[in-house]
Amino acid sequence: MPQPGRVAVIGLDSATPQFMFDRFAEDMPVLSALRQRSLWGPMRSVDPPITMPAWSCMMSGRTPGELGVYGFRDRAAHDYGPLAFATSRSIKAPRIWDEMTAAGRDSVVLGVPGTYPTTPIRGAMVSCFLAPSTRAEYTSPPALRDELEKLTGGYSLDVENFRSPELERVSQQIFDLTEQRFKVARHLAARQDWEFFSFVDMGPDRLHHGFWKYCDPEHPRHEPGNPYQNLFRDYYRALDRHIGDFLECLPENTSVLVVSDHGAQPMVGGLFINEWLRREGLLVLAKEPDGPTPMAQAHVDWKRTTAWAEGGYYGRIFLNVEGREPEGIVPAREYDDTLARIAGALERLPDDRGEPMGTRALRPEQLYPEVNGIAPDLLVYVGNLRWRALATLGMGQGLYTTENDTGPDHANHGDTGIFLLDSPGVTPGPADGLSLYDVAPTLRELLGLPGGGQLPG
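Per our numbering, the sequence shown starts with residue 13, numbered consecutively.
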């Protein structure tokens with residue numbers, strides 16, 4: 013068992029085993045060498061495999077159900093209003109840096125999703141891409157902001173509008189974001205006192221969403237000979253160099269953990285899930301939409317509506333329950349049967365070619381030991397996450413599309429990320445059965461915090 017010591021976590025949002033361990037392994041000599049001295053393997057993400065809440069699940073050891081956070085946005089009340097954005101205030105469970113602070117020990121947290129607004133910490137925190145802008149107070153202590161602005165010439169929280177046809181701009185900003193994130197990480201690692209260091213680079217995620225069809229010959233909408241067909245390889249080579257530079261700045265005998273919150277896969281298309289509910293007679297509109305209309309702006313006849321949906325990487329179906337929603341019509345005694353009918357119909361739904369789609373429709377009680385907040389009544393993985401769930405109404409395209417309703421996107425999330433742990437006393441080699449929920453007890457064990465567990469492998 014390793015002695016408690018410094019731990020550095022390199023978080024790569026959306027990094028996938030098929031790229032990091034296989035397709036681009038020869039282009040990433042630093043990561044490949046790290047893998048040779050690490051316990052490593054594919055790592056199962058959470059359900060749903062979404063950035064928010066996955067990083068907070070990873071750093072707390074709690075499920076989305078226990079946290080009461082099911083995505084970037086959640087219902088704040090049993091009404092028909094728009095979903096509310098999840099923030100750091102939504103996370104009630106202590107995360108590793110909270111436990112370190114309580115123990116009087118220093119941490120540095122940089123860009124980890126779920127850290128806006130910043131929370132009290134012994135050490136330093138730089139918020140994530142969910143901060144509205146750099147005009148907001150995105151650092152703790154606040155004075156750190158001026159230091160970062162001077163260091164970078166203008167700190168970047170994220171790639172601006174990464175779902176955009178402006179491919180040259182987006183690609184350059186992805187490379188720039190990753191370069192800057194690692195530069196700031198090296199600066200903070202050298203200047204700050206810390207025993208726990210954790211940062212997340214969003215570059216891989218933005219790359220996958222913006223350019224998958226250009227780089228993957230197996231993507232159904234691949235364009236052979238396009239000018240971006242080598243962009244993935246070029247990016248991962250650059251990322252590998254940045255990882256190497258960061259590793260060189262770490263004190264000797266620092267335990268290093270490289271992880272991702274979820275994986276990625278080609279997006280085959282999108283299902284207009286509210287249009288499907290309309291077709292099934294479960295969602296009734298009082299007025300036809302004049303054009304593309306978000307669900308929150310639709311004129312719904314709630315007294316005749318059984319269910320509605322919110323979209324994104326996965327679909328969320330909510331029942332209009334009598335006594336729960338303001339104009340609910342589903343009696344409590346029919347709740348289970350109604351959900352079962354909807355789930356069964358979705359799972360039988362074929363794709364646009366009449367082929368089996370492989371959709372999974374799950375109740376939160378099937379996924380979590382505890383369900384807090386206002387969870388979806390059904391979590392829907394359309395085509396097992398190969399398809400997006402599109403909530404927009406009035407698109408005039410039937411049930412299926414090859415596009416995304418919030419801008420160009422060629423990838424959806426996958427349920428498998430990466431895990432590499434290089435630590436004194438840990439036996440290197442591949443490991444099976446790794447889970448995102450292994451990370452928090454592993455970090456506690458390495459840091460000598462209460463609640464540590466046997467290390468994976």
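Quick reminder that beta carbons are idealized off the backbone N, C-alpha and C, glycines included.
Within 10 Å of its beta-carbon, does residue 422 have 16 or more other beta-carbons around it, so buried, or fewer, so exposed?
Within the sequence shown, numbered from 1, the residue matching residue 422 stands at position 410. The residue in question, residue 422, is buried, as its Cβ has 16 or more Cβ neighbours within 10 Å.
To the nearest angstrom, how far is the alpha carbon of residue 258 from that of residue 43?
Residue 258 sits at position 246 when you count from the first residue of the sequence shown. Residue 43 sits at position 31 when you count from the first residue of the sequence shown. C-alpha separation (whole angstroms): 12 Å.
Here's a check: name, in chain order, each residue in its chain whose Cβ is nearer than 6 Å to the Cβ of residue 262, leaving out the five neighbours to either side.
The residue given as residue 262 occupies position 250 in the sequence shown. If we look at residue 262 and ignore the five residues flanking it on each side, its Cβ neighbours are 20.
Name the two residues that bound the continuous alpha helix (DSSP H) containing residue 186.
In the sequence shown, the residue the question calls residue 186 occupies position 174. 179-203 is the extent of the alpha helix (DSSP H) around residue 186.
Let me know if residue 57 comes out buried or exposed under the rule of 16 or more other beta-carbons within 10 Å of its beta-carbon.
Residue numbering aside, residue 57 sits at position 45 when the sequence shown is read from its first letter. Classification of residue 57: buried, given that the 10 Å Cβ count is 16 or more.
Can the beta-carbon of residue 399 be found closer than 8 Å to that of residue 280?
As a working note, residue 399 is residue 387 in the sequence shown. As a working note, residue 280 is residue 268 in the sequence shown. In this structure, residue 399 sits near residue 280, with a CB-CB distance shorter than 8 Å.
What residue from 131, 33 and 225 has the CA that sits closest to residue 428's CA?
Here residue 428 refers to the residue found at position 416 of the sequence shown. Per the C-alpha coordinates, the member of 131, 33 and 225 positioned closest to residue 428 is 33.
Excluding sequence positions up to five away, which residues of its chain have a Cβ less than 8 Å from the Cβ of residue 404?
Here residue 404 corresponds to residue number 392 of the sequence shown, with the count starting at 1. Correct list, in chain order: 284, 286, 304, 305, 306, 307, 323 and 417.
Which residue marks the beginning of the alpha helix (DSSP H) containing residue 67, and which one marks its end?
Reading the sequence shown from its first residue, position 55 is the one you call residue 67. Per DSSP, residue 67 belongs to the alpha helix (DSSP H) from 63-72.
Between residue 78 and residue 381, what straight-line distance do the alpha-carbon atoms span, to the nearest angstrom?
Position 66 of the sequence shown, counted from the start, is the residue given in the question as residue 78. Position 369 of the sequence shown, counted from the start, is the residue given in the question as residue 381. Answer to the nearest angstrom: the Cα atoms are 8 Å apart.
Taking the continuous alpha helix (DSSP H) assigned at residue 224, which residues delimit it?
Counting from one through the sequence shown, the residue named residue 224 turns up at place 212. Residue 224 -> alpha helix (DSSP H) spans 215-227.
Buried versus exposed call for residue 349 [16 or more other C-beta atoms within 10 Å across all chains shown]:
Here residue 349 refers to the residue found at position 337 when the sequence shown is read from its first residue. Residue 349 comes out exposed.
In the DSSP assignment, what residue or residues form a beta bridge with residue 1?
Outside the shown range of the chain, which is 13 to 469, sits residue 1, and nothing can be said about it.
Count the other CB atoms, across all protein chains shown, that sit within 10 Å of the CB of residue 332; report buried if there are 16 or more and exposed otherwise.
Locating residue 332 in the sequence shown gives position 320, counting from the first residue. Buried: at least 16 other Cβ atoms inside 10 Å.
At which residue ranges does the segment 95-119 contain complete alpha helix (DSSP H) runs of 4 or more residues, listed in the order of the chain?
108-114
Can you check DSSP and say which residues form a bridge with residue 320?
In the sequence shown, the residue the question calls residue 320 occupies position 308. Partner(s): 330.
Inspect the CB distances between the segment 21-29 and the segment 263-272 and report whether three or more fall short of 8 Å.
The answer is yes - the segment 263-272 touches the segment 21-29, with three or more Cβ pairs under 8 Å.
Nonlocal neighbours in the same chain, by C-beta distance under 7 Å from residue 442, ignoring five residues either side:
Position 430 of the sequence shown, counting from 1, holds the residue named residue 442. These residues qualify, in order along the chain: 52 and 53.
For the beta strand (DSSP E) containing residue 453, list its first residue and its last residue.
The sequence position of residue 453 within the sequence shown is 441, counting from 1. No beta strand (DSSP E) holds residue 453; the alpha helix (DSSP H) holding it covers 451-459.
Is residue 72 closer than 8 Å to residue 206 when the C-beta atoms are compared?
Locating residue 206 in the sequence shown gives position 194, where the first residue counts as 1. Locating residue 72 in the sequence shown gives position 60, where the first residue counts as 1. For residue 206 and residue 72, no; Cβs fall outside 8 Å.
Just to confirm my understanding: we take residue 340, look at its own chain, exclude 5 residues before and 5 after, and list those with CB closer than 7 Å. What are they?
Residue mapping note: residue 340 aligns to position 328 of the sequence shown, counting from 1. Cβ neighbours of residue 340 beyond the five flanking positions: 332, 333 and 334.
Kindly indicate which residue of 96, 145 and 433 has the alpha-carbon position closest to the one of residue 64.
To locate residue 64, count along the sequence shown from 1; it is residue 52. Checking every option, the nearest Cα to that of residue 64 belongs to 96.
Rounding to the nearest angstrom, what Cα-Cα distance links residue 129 and residue 365 in this structure?
On the sequence shown, residue 129 is found 117 positions in, with the first residue counted as 1. On the sequence shown, residue 365 is found 353 positions in, with the first residue counted as 1. C-alpha separation (whole angstroms): 46 Å.
From what residue to what residue does the beta strand (DSSP E) around residue 431 run?
Position 419 of the sequence shown, counted from the start, is the residue given in the question as residue 431. 428-434 is the span of the beta strand (DSSP E), which, as asked, contains residue 431.
Who are the Cβ neighbours of residue 387 in its own chain at under 7 Å, not counting the five residues just before and after it?
As a first step, residue 387 is located in the sequence shown; it is residue number 375 there, counting from the start. Correct list, in chain order: 77, 82 and 376.
Pull the bridge partners of residue 22 from the DSSP assignment, please.
Position 10 of the sequence shown, counted from the first residue, corresponds to residue 22. Answer is 211 and 270, bridged to residue 22.
Which residues does DSSP pair with residue 122 in a beta bridge?
On the sequence shown, position 110 is the one that residue 122 refers to. Note: residue 122 sits in a beta bridge opposite 138 and 211.
From the DSSP output, in three-state form, read off residue 36 for me.
As a first step, residue 36 is located in the sequence shown; it is residue number 24 there, counting from the start. DSSP places residue 36 in coil when its eight states are reduced to three.
Who are the near neighbours of residue 202 in its chain, counting only those whose CB is closer than 8 Å to its CB and skipping five residues on each side?
Along the sequence shown, read from residue 1 onward, the residue named residue 202 stands at position 190. Around residue 202: 261.
Got a sec, what are the start and stop residues for the alpha helix (DSSP H) residue 356 sits in?
Position 344 of the sequence shown, counted from the start, is the residue given in the question as residue 356. Residue 356 -> alpha helix (DSSP H) spans 347-360.
Cβ-based burial, residue 152 [other Cβ within 10 Å; buried from 16]:
Position 140 of the sequence shown holds residue 152. Classification of residue 152: buried, given that the 10 Å Cβ count is 16 or more.
Can you tell me which of the three DSSP states residue 404 falls into?
For the purposes of this step, residue 404 is identified with residue 392 of the sequence shown, where counting begins at 1. Coil.
Starting from residue 237, trace the beta strand (DSSP E) both ways and give me its first and last residue.
Residue mapping note: residue 237 aligns to position 225 of the sequence shown, counting from 1. No beta strand (DSSP E) holds residue 237; DSSP gives it neither H nor E.
So which of 172, 177, 176 and 91 has the shortest CA-CA distance to residue 188?
Start at 1 with the first residue of the sequence shown, and residue 188 comes out as number 176. That would be 172, whose Cα lies nearest to the Cα of residue 188.
On the three-state DSSP scale, how would you describe residue 17?
Counted from its first residue, the sequence shown places residue 17 at position 5. DSSP, reduced to helix, strand and coil, places residue 17 outside both helices and strands of the structure shown, so it counts as coil.
Taking only the alpha-carbon atoms, compute the straight-line gap between residue 89 and residue 336 and give it to the nearest angstrom.
As a working note, residue 89 is residue 77 in the sequence shown. As a working note, residue 336 is residue 324 in the sequence shown. Their Cα atoms are separated by approximately 10 Å.
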